[in-house]
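S.K.: Sequential numbering from -4 applies to the sequence shown in our numbering.
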Amino acid sequence: MKYRPMGKLGISASAFGLGCMRFNGTASGDSVIDEQKAVSLIRRAIDGGVTYLDTAYVYLDKTSEIVLGKALQDGYRDRVTIATKMPLEYVHNRAEMEALLDSELKKLQTDHIDFYLMHGIDRAKWESFKAIGAPAFFDDMKKEGKIRYKCFSFHGPYEDFEYILQDYDWDMVQIQYNFMDIENQAGEKGLKLAGKLGIPVVIMEGLLGGRLSRAPSNVQALYDAFPVRRTPVEWAFRWLCNHPEVSVVLSGCNEAEQIDDNLRIFDTVESGIMSEEECRLMENVRLAYLSRTKIGCTGCRYCMPCPNGVNIPGIFSVWNNVSLYDTDPKWNWDLKRIIENGQGADHCIGCGACEAACPQHLDIVEKLQIAWKELTAE
Ligand SMILES: NC(=O)c1ccc[n+]([C@@H]2O[C@H](COP(=O)([O-])OP(=O)(O)OC[C@H]3O[C@@H](n4cnc5c(N)ncnc54)[C@H](OP(=O)(O)O)[C@@H]3O)[C@@H](O)[C@H]2O)c1
């Protein structure tokens, strides 16, 4: 296992951080987490050198922290740092923040949390956190020793990231990043800014929730043609670790084989490790994924609201995603939500109001029907 510096904190952490969001149920489709298996996976990762574990109050129906707490008995707690999170949705004042943090400490069976994050914030959520006094609360908890580092995780647009990052004395930030997201959310610009400020960056969705682990044929052809053979997972993690600003790459693993594979990969990757040819390969891989884009919708929402309630950018985003990563639309939750909310293209009456508003001049009415047919085909 390689260990990487955590920016201005003066500590280091394992390059591979175990995400505790994706443990399976006891049986297929079962929402009750298989505790015994999860505990054994967590300990397997720690025994292999992992020192960074990421969970959250809400993960796995609020059971993730409990399972992690159990896994960290028998001396394991002292070998690792824990990151967990406060969700805005559950706190409205200081008393509730205190109660929530105390409940997390109890579930995790520990007297302190190393990295405490405001969960999944954008600018609006940050303002709400400020309005209920969260910054002062985090300061006080740090002084009391209940938390060691004040952090946030982020899924908003870059402008929000730039603002939030410089609006408080943060110790760490967790962002979604991978070779497909260099211009999405915090993106490469956000990563570099955090690096410049000395704020360590922890990466989530490094494999886009697993989608980058299964290369579609045109991408696999590029990997196959490269003189050195590596799996898509290895390429994705190698690319991430090549960035000096990255401290920890989280990966949520469901199987011992995935833990072992990641332990092997994170034993070989370091910042600045990639040759020019390798960087070119990954840029070509990115372009090969993008060539699978179905429609050039940028999600600007100028076409919205549709008078008939069709979620036009949502449908196009699902259509592009399903094609890019060669996934089955049946398992696409965004599509499921669109159907459940009655926002499908089957409600389109072809009025064309959207086309008149589209700055990309897309033939929306026709493409919506094609997309819908493909996405809902049996
Ligand atoms: N703060 C937030 O808002 C937020 C949001 C998202 C995630 N997170 C955190 O970040 C962590 C990581 O995110 P993520 O779970 O989405 O990470 P990820 O690494 O993008 O995806 C995890 C998935 O990748 C696949 N995988 C992992 N290792 C593999 C290997 N060696 N070979 C093949 N497939 C492999 C598995 O997919 P299969 O299941 O298909 O096998 C696994 O479920 C989470 O666990 C969570 O702790 C936080």
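Note that beta-carbon positions come from the ideal geometry of N, C-alpha and C, so glycine has one too.
#1: What are the start and end residues of the beta strand (DSSP E) that includes Thr79?
#2: Taking all protein chains shown into account, do 16 or more other C-beta atoms lie within 10 angstroms of the C-beta of Pro302, making it buried, or fewer, making it exposed?
#3: On a CA-only basis, which of Glu278, Pro239 and Arg233 is nearest Val196? Give me that one, please.
#4: How big is the Cα-Cα spacing for Ile142 and Ala66?
#5: Per DSSP, Lys145 is paired with what?
#6: Assuming Arg281 is part of the alpha helix (DSSP H), what are its boundary residues?
#7: Using C-beta distances below 6 Å, list every residue in its chain close to Val34, excluding the 5 sequence neighbours before and after it, in chain order.
#8: Helix, strand or coil: which one does DSSP assign to Met136?
#9: Comparing C-alpha positions only, which one of Ile310, Leu245, Glu265 and Cys353 sits nearest to Thr50?
#10: Under a Cβ-count criterion, where at least 16 other Cβ atoms within 10 Å of its own Cβ denotes burial, should Val223 be classed as buried or exposed?
#11: Any Cβ of chain D within less than 8 Å of the Cβ of Glu183?
#12: For the putative contact between Ile37 and Leu48, defined by C-beta atoms under 8 Å, what is the C-beta separation to the nearest angstrom?
#13: Grouping DSSP H, G and I as helix and E and B as strand, with all else coil, what is Phe124?
#14: In angstroms with no decimal places, state the Cα-to-Cα distance between Glu126 and His342.
#15: Can you tell me whether DSSP reads Val214 as helix, strand or coil?
#16: Counting pairs of beta carbons, one from the region 115 to 135 and one from the region 191 to 205, are three or more of them closer than 8 Å?
#17: What does the Cβ neighbour count give for Ala216, buried or exposed, with the cut at 16 atoms within 10 Å?
#18: Go through the region 178 to 241 residue by residue and report every complete run of the beta strand (DSSP E) that reaches 3 residues or more, in order.
#19: How far does the beta strand (DSSP E) with Asp49 in it reach, from first residue to last?
#20: Does any heavy atom of ligand 1 sit closer than 7 Å to the C-beta of Gly43?
#21: Which first and last residues belong to the beta strand (DSSP E) in which Ala372 is found?
M.R.: If we stick to the structure as given:
#1: Along the sequence shown, one-based indexing puts residue 79 at 84. Where Thr79 is concerned, the enclosing beta strand (DSSP E) stretches over Thr76 to Met81.
#2: One-based indexing of the sequence shown puts residue 302 at position 307. Exposed, because fewer than 16 other Cβ atoms sit within 10 Å of the Cβ of Pro302.
#3: As a position in the sequence shown, residue 196 is number 201, starting the count at 1. Considering only alpha carbons, the answer is Pro239.
#4: Sequence index remark: in the sequence shown, residue 142 carries index 147 (1-based). Sequence index remark: in the sequence shown, residue 66 carries index 71 (1-based). Straight-line measurement puts the Cα of Ala66 at about 20 Å from the Cα of Ile142.
#5: The residue given as residue 145 occupies position 150 in the sequence shown. Lys145 pairs with Tyr111.
#6: Looking up residue 281 in the sequence shown gives position 286. Unbroken alpha helix (DSSP H) run through Arg281: Glu271 to Leu285.
#7: What you label residue 34 is simply residue 39 of the sequence shown in a count that begins at 1. Within the same chain, Cβ atoms closer than 6 Å to the Cβ of Val34 are found at Lys65 and Ala66, the five residues on either side in sequence being excluded.
#8: Residue numbering aside, residue 136 sits at position 141 when the sequence shown is read from its first letter. Helix.
#9: Taking the sequence shown and counting its residues from 1, the one referred to as residue 50 is at position 55. Of the listed residues, the one whose Cα sits closest to Thr50 is Leu245.
#10: Position 228 of the sequence shown, counted from the first residue, corresponds to residue 223. The residue is exposed, with fewer than 16 neighbouring Cβ atoms inside 10 Å.
#11: Judged by its chain identifiers, the structure shown contains no chain D, having just a single protein chain.
#12: By one-based count along the sequence shown, residue 37 stands at place 42. By one-based count along the sequence shown, residue 48 stands at place 53. That belief holds up - the Cβ atoms of Ile37 and Leu48 are roughly 7 Å apart, short of 8 Å.
#13: In the sequence shown, the residue the question calls residue 124 occupies position 129. Reduced to three states, the DSSP call for Phe124 is helix.
#14: Translated into positions along the sequence shown, residue 126 becomes position 131. Translated into positions along the sequence shown, residue 342 becomes position 347. Rather than Glu, the amino acid found at residue 126 in this sequence is Ala. The alpha-carbon separation between Ala126 and His342 amounts to approximately 40 Å.
#15: Residue mapping note: residue 214 aligns to position 219 of the sequence shown, counting from 1. Val214: helix per DSSP, three-state reduction.
#16: no
#17: By 1-based counting over the sequence shown, the position of residue 216 is 221. By the neighbour-count rule (16 or more Cβ atoms within 10 Å), Ala216 is not buried but exposed.
#18: 196 to 199
#19: On the sequence shown, position 54 is the one that residue 49 refers to. Tyr47 to Asp49 is the span of the beta strand (DSSP E), which, as asked, contains Asp49.
#20: As a position in the sequence shown, residue 43 is number 48, starting the count at 1. Flag unset: Cβ of Gly43 not near ligand 1.
#21: By one-based count along the sequence shown, residue 372 stands at place 377. Looking at the DSSP string, Ala372 is not in any beta strand (DSSP E), and its letter there is neither H nor E.
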